[in-house]
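Inspection log for the structure reproduced underneath, given as structure tokens.
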Amino acid sequence: MQCFYHQVVNYTNSLNALKRDFKVEELAGELSSVAIEGVWLL
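Rendered as structure tokens:
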């Protein structure tokens, strides 16, 4: 498991990746469903 910071960085990097299968706007819509309870904390 990764710490919270690394999970957020990895997710952000995937949004900013050069090769995209989805538009950033589509992925950003998913952020509203992300809650702290859904993130693993060490």
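Residue numbering for the sequence shown is 488 to 529, as defined by the numbering used here. Ideal Cβ placement from N, Cα and C applies to all residues, glycine included. These figures come from a predicted structure and were not determined experimentally.
Straight-line gap, Ala522 to Asn500 (C-alpha atoms, nearest Å): Their backbone Cα atoms lie some 19 Å apart in a straight line.
Leu495, enclosing alpha helix (DSSP H) - first and last residue: The sequence given here places Val at residue 495; Leu does not occur at that position. Run containing Val495: Phe491 to Leu502, per the alpha helix (DSSP H) assignment.
For Ala515, the three-state DSSP class (helix, strand or coil): helix
Integer-rounded CB distance, given that Val511 should sit under 8 Å from Leu518: The pair is not a contact, with the Cβ atoms about 11 Å apart (cut-off 8 Å).
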